[in-house]
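In what follows, a structure is listed as structure tokens, so that the remarks can point back to it.
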Amino acid sequence: MWIAIVTAMALTSFLSGILGMGGGIILMGVLVLMLPLASAMVLHALSQISANGIRAWLHRDHIHWGVLRWYILGGLLMLGLFFFLWFEVQKAWFFIGLGTMALANNVVPRSLNIDVTRRPQATLCGALVTGCQLFVGVAGTILDIFFVNSRLDRYQIVATKAVTQTSGHIMKLIFYGSVIAMDYETLAIPLWVYIAVVPMAFIGTRLGAEILHRINDTQFRLYTRWLLNAVGVIYLGRGVLLL
Numbered sequence: 226m227w228i229a230i231v232t233a234m235a236l237t238s239f240l241s242g243i244l245g246m247g248g249g250i251i252l253m254g255v256l257v258l259m260l261p262l263a264s265a266m267v268l269h270a271l272s273q274i275s276a277n278g279i280r281a282w283l284h285r286d287h288i289h290w291g292v293l294r295w296y297i298l299g300g301l302l303m304l305g306l307f308f309f310l311w312f313e314v315q316k317a318w319f320f321i322g323l324g325t326m327a328l329a330n331n332v333v334p335r336s337l338n339i340d341v342t343r344r345p346q347a348t349l350c351g352a353l354v355t356g357c358q359l360f361v362g363v364a365g366t367i368l369d370i371f372f373v374n375s376r377l378d379r380y381q382i383v384a385t386k387a388v389t390q391t392s393g394h395i396m397k398l399i400f401y402g403s404v405i406a407m408d409y410e411t412l413a414i415p416l417w418v419y420i421a422v423v424p425m426a427f428i429g430t431r432l433g434a435e436i437l438h439r440i441n442d443t444q445f446r447l448y449t450r451w452l453l454n455a456v457g458v459i460y461l462g463r464g465v466l467l468l
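The working numbering applies: residue 226 is where the sequence shown begins, and numbers increase by one.
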């Protein structure tokens, strides 16, 4: 089981290295199938911190730093709220939420004048994305809504989203790490799995970055949409079957 999990980390990091998203949603579903929710959240957070952190470093020259201060402010406000409002999520509803997250771009009008480079919208983005990350582990599609009408190119999108995702997964690690600290037995994960997270994330992300250079902006957006729609339908079906 652990070898399968580590392999999934590498493959999903490769996928995210190309599209900037998608891999995290797939990995989250795989981990929740195999592990208790809190343990899955912690391992997913470590994997995504590594993958997104490496991706941010590889594309560091393209990061749009102007949005980050306000984004992180929104994220911290949501993290504080979750410490007061946390409740346990059943796996059926978790998968339904995860599937809905993957399909979110299909129901949000493209005509909405949303732009993450605007300060109030960056703060709102940070709050919404962090809330979704704490609830279902991922929030790439919600994050994408704030980027789709921006004037950023694919390199700026991948780089800036990598930084925002890294900060969000750090907050998720803080939250679920505190949950596990109160019930340590739920974290039955061998030490070598944690050690393998960083090299697997690096290898997958580095290879994905090579593919990113070979596709154009139109292909980038099209492939992202196809992948998320397929994953969303699968997870919704899984959630319904678990009810």
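Note that beta-carbon positions come from the ideal geometry of N, C-alpha and C, so glycine has one too.
For the candidate residues the options, whose alpha-carbon lies nearest to that of residue i?
i, options, result
"residue 296", "353, 316, 250, 307", "353"
"residue 425", "272, 254, 253", "272"
"residue 341", "299, 406, 421", "299"
"residue 311", "360, 371, 396, 364", "360"
"residue 323", "357, 337, 450", "357"
"residue 274", "392, 406, 460", "392"
"residue 303", "236, 293, 350", "350"
"residue 465", "284, 369, 399, 325", "325"
"residue 285", "226, 276, 329, 381", "381"
CA-CA distance, residue i and residue j?
i, j, result
"residue 390", "residue 319", "20 Å"
"residue 321", "residue 467", "10 Å"
"residue 231", "residue 463", "22 Å"
"residue 251", "residue 430", "15 Å"
"residue 419", "residue 268", "8 Å"
"residue 243", "residue 263", "28 Å"
"residue 207", "residue 414", "Examination of residue 207 is not possible in this model, given that the chain is present from 226 through 468 alone."
"residue 309", "residue 249", "26 Å"
"residue 339", "residue 460", "27 Å"
Leaving aside the five residues before and after residue i along the sequence, list all residues of the same chain whose C-beta is less than 6 Å from its C-beta, in chain order.
i, result
"residue 385", "288, 289"
"residue 278", "391"
"residue 372", "341, 382"
Using a Cβ-Cβ distance under 8 Å, would residue i count as near chain D?
i, result
"residue 235", "No chain D appears in this structure, which consists of one protein chain only."
Looking only at its own chain, which residues have a Cβ that is under 7 Å from the Cβ of residue i, when we skip the five neighbours before and after it?
i, result
"residue 257", "265, 316, 319"
"residue 236", "429"
Should residue i be listed as close to the ligand MN, given that the test is whether its C-beta is under 7 Å from any heavy atom?
i, result
"residue 404", "The ligand MN is absent from the structure shown, which contains no ligand whatsoever."
*Within the chosen definition, does the segment 438 to 453 reach the segment 338 to 347 through at least 3 CB pairs nearer than 8 Å?*
no
*Would you mind listing the alpha helix (DSSP H) stretches within the segment 258 to 333 that are 4+ residues and don't spill past its ends, in chain order?*
Fully enclosed alpha helix (DSSP H) runs of 4 or longer: 262 to 283, 293 to 310, 316 to 328.
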